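Peer 1: Start counting the sequence shown at 1; every next residue gets the next number (full-length UniProt numbering).
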Amino acid sequence: MAAKLKKGDKVIVLSGKDKGKTGTIESVSPKAGKAVVGGVNMAVRHTRQSQTSQGGRLPQAMPIDLSNLAIVDANGKPTRVGFRMDGDKKVRFAKTTGDVIDA
Numbered sequence: 001m002a003a004k005l006k007k008g009d010k011v012i013v014l015s016g017k018d019k020g021k022t023g024t025i026e027s028v029s030p031k032a033g034k035a036v037v038g039g040v041n042m043a044v045r046h047t048r049q050s051q052t053s054q055g056g057r058l059p060q061a062m063p064i065d066l067s068n069l070a071i072v073d074a075n076g077k078p079t080r081v082g083f084r085m086d087g088d089k090k091v092r093f094a095k096t097t098g099d100v101i102d103a
């Protein structure tokens, strides 16, 4: 099945403690149905110091469920994603505006 949300998409959080926040998707795990969005669902992780990095309490973005995310259309509003054929290519489009998301 084609992915409605992909890495690099600008999304908005629909529910939870970060409701209304926006960010871009850094990674997606389709099997778990989760995505990591920059600046959203932050948790403090305690890390040990190593030769390359300073240790301490570092904030880290944790995965959030895909059902709690919606892609942002050209107007800055959350929208659902649909699929259609442009010639012989399958493309994603925003249901609210009808604009193609990825060319």
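All residues carry an ideal CB built from backbone N, CA and C; glycine is no exception. The model shown is predicted, which means the values in this text are computed figures rather than measured ones.
Buried or exposed for threonine 79, going by 16 or more other Cβ atoms inside 10 Å?
Peer 2: Label assigned to threonine 79: buried.
Peer 1: Any idea if residue 106 is buried or exposed, counting beta-carbon neighbours within 10 angstroms, 16 or more meaning buried?
Peer 2: The chain is shown only over 1 to 103; residue 106 falls outside these bounds and no answer can be derived.
Peer 1: Give the secondary structure of leucine 69 by DSSP, where H, G and I count as helix, E and B as strand, and everything else as coil.
Peer 2: Note: leucine 69 maps to strand in three-state DSSP.
Peer 1: Measure how close the beta-carbons of glycine 23 and valine 40 come, nearest whole angstrom, since I'm counting them as under 8 Å.
Peer 2: Between valine 40 and glycine 23 the Cβ distance is about 5 Å, and since that is below 8 Å, they are a contact.
Peer 1: Given a threshold of 16 other Cβ atoms within 10 Å of its Cβ, counted over all protein chains shown, does leucine 58 qualify as buried or as exposed?
Peer 2: Flag for leucine 58 reads exposed.
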